[in-house]
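Mind the numbering: the sequence shown is residues 2 to 251 in the numbering used here, read in order.
Let me begin by presenting the structure, written as structure tokens, before commenting on it.
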Amino acid sequence: MQTNILFALTLLLNSILVNAQAPLSNLLKQAANFPSRYQGIEYKVAGKQTNPFRQTDTIYVNWSESVQYNRKGKIIAQNSIEKADAFNHQSYTQRFRNKDCFYIINLTNNSYTVKYEQQEEFSALYFFREDINAALSSDKKKIFMQADSLINNTLCYAICIELYTPNKKKATPFKRLRLYLDKKTLLPVFTQKYLSGFVRKSRKEKVQVHYYNEGRFYDYKTDNTLELNPPDISQYKLDKAETLKSDISR
Numbered sequence: 002m003q004t005n006i007l008f009a010l011t012l013l014l015n016s017i018l019v020n021a022q023a024p025l026s027n028l029l030k031q032a033a034n035f036p037s038r039y040q041g042i043e044y045k046v047a048g049k050q051t052n053p054f055r056q057t058d059t060i061y062v063n064w065s066e067s068v069q070y071n072r073k074g075k076i077i078a079q080n081s082i083e084k085a086d087a088f089n090h091q092s093y094t095q096r097f098r099n100k101d102c103f104y105i106i107n108l109t110n111n112s113y114t115v116k117y118e119q120q121e122e123f124s125a126l127y128f129f130r131e132d133i134n135a136a137l138s139s140d141k142k143k144i145f146m147q148a149d150s151l152i153n154n155t156l157c158y159a160i161c162i163e164l165y166t167p168n169k170k171k172a173t174p175f176k177r178l179r180l181y182l183d184k185k186t187l188l189p190v191f192t193q194k195y196l197s198g199f200v201r202k203s204r205k206e207k208v209q210v211h212y213y214n215e216g217r218f219y220d221y222k223t224d225n226t227l228e229l230n231p232p233d234i235s236q237y238k239l240d241k242a243e244t245l246k247s248d249i250s251r
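Here it is, written out as structure tokens:
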């Protein structure tokens, strides 16, 4: 009798958990679909991440980004400034994209690379969207809504996503996302990502590595009429040019 009751309770709890996933998944889909709501968006990010192979090493990154999307949510223009401090080495980079090309300007040594082929988007909001989409497509996910949080005077949804739930008896790959979303805009205010996995040290030996990443998003400006002006690259020296076709000349 007691076994039957426990079994029934387990089924009930599992049913409640499954039913609770649907509205949370829909909320996350809306959050990831921000380009359909904001064709022009500016923001800043203060980021921090650890070295998977040496937890005491920390990388600090600060972004200032402006991005334009078309009505289908595809990036059409981007201007970003990135300052990074990694292991006592500092870098200063500007990325600019328009429909024709993608410039990567090294502001530390005043050189630039230009690419004429189609490039994947490279922005903090892009990685936020990809993390959500990858998590939602997994069949090994659990999504939890936690108590609302007040971050930077912004009331936020607090959502936790776990993938590959760890086995206490055996180390398994694991990923946890914590997303704090503005309740009015569904844009990220604070994000945390924790990964645990394995890399091969030798043919017979694998070692477990851990990775942590966080981002604080602030100073949002959403303007569908945002215009991005290209940088004046005449003051920089060309470091590298890449094309898909050899007959392309610039």
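In this text, a Cβ means the ideal position worked out from N, Cα and C, and glycines have one as well.
Quantities reported herein were computed from a predicted structural model and do not represent experimental measurements.
| Check | Outcome |
| --- | --- |
| Three-state class that DSSP yields for LYS30 in the structure shown | helix |
| Rounded separation between GLU122 and THR94 - CA only | 16 angstroms |
| Contact belief for LEU29 with LEU137 at Cβ below 8 angstroms, rounded distance in angstroms | 6 angstroms |
| For GLN156, the residue or residues it bridges with in DSSP | In the sequence as presented, Gln is not what sits at residue 156; that position holds Leu. BP columns for LEU156 point to LEU151. |
| Cβ-Cβ distance between ALA47 and ASN63 below 8 angstroms | yes |
| Residue of ARG201, TYR117, ARG72, SER37 minimising C-alpha distance to VAL210 | ARG201 |
| Backbone CA spacing between GLN147 and LEU182 [nearest angstrom] | 12 angstroms |
| Nonlocal neighbours in the same chain, by C-beta distance under 7 angstroms from ASP132, ignoring five residues either side | LEU178, LYS194 |
| Three or more C-beta pairs below 8 angstroms linking the stretch 224-234 and the stretch 66-86 | yes |
| Identity of the residues DSSP links to GLY41 by a beta bridge | GLN69 |
| Where the beta strand (DSSP E) through LYS187 begins and ends | For the record, residue 187 in the displayed sequence is Leu; it is not Lys. It is not in any beta strand (DSSP E) - LEU187 carries neither H nor E in the DSSP assignment. |
| The stretch 214-225 contacting the stretch 33-52, beta-carbon criterion three pairs below 8 angstroms | yes |
| C-alpha gap between SER16 and LEU188, whole angstroms | Reliability fails at SER16, whose pLDDT of 37 lies under 50, so the model's placement of it is uncertain and the value that follows must be treated cautiously. Cα-Cα distance, rounded: 30 angstroms. |
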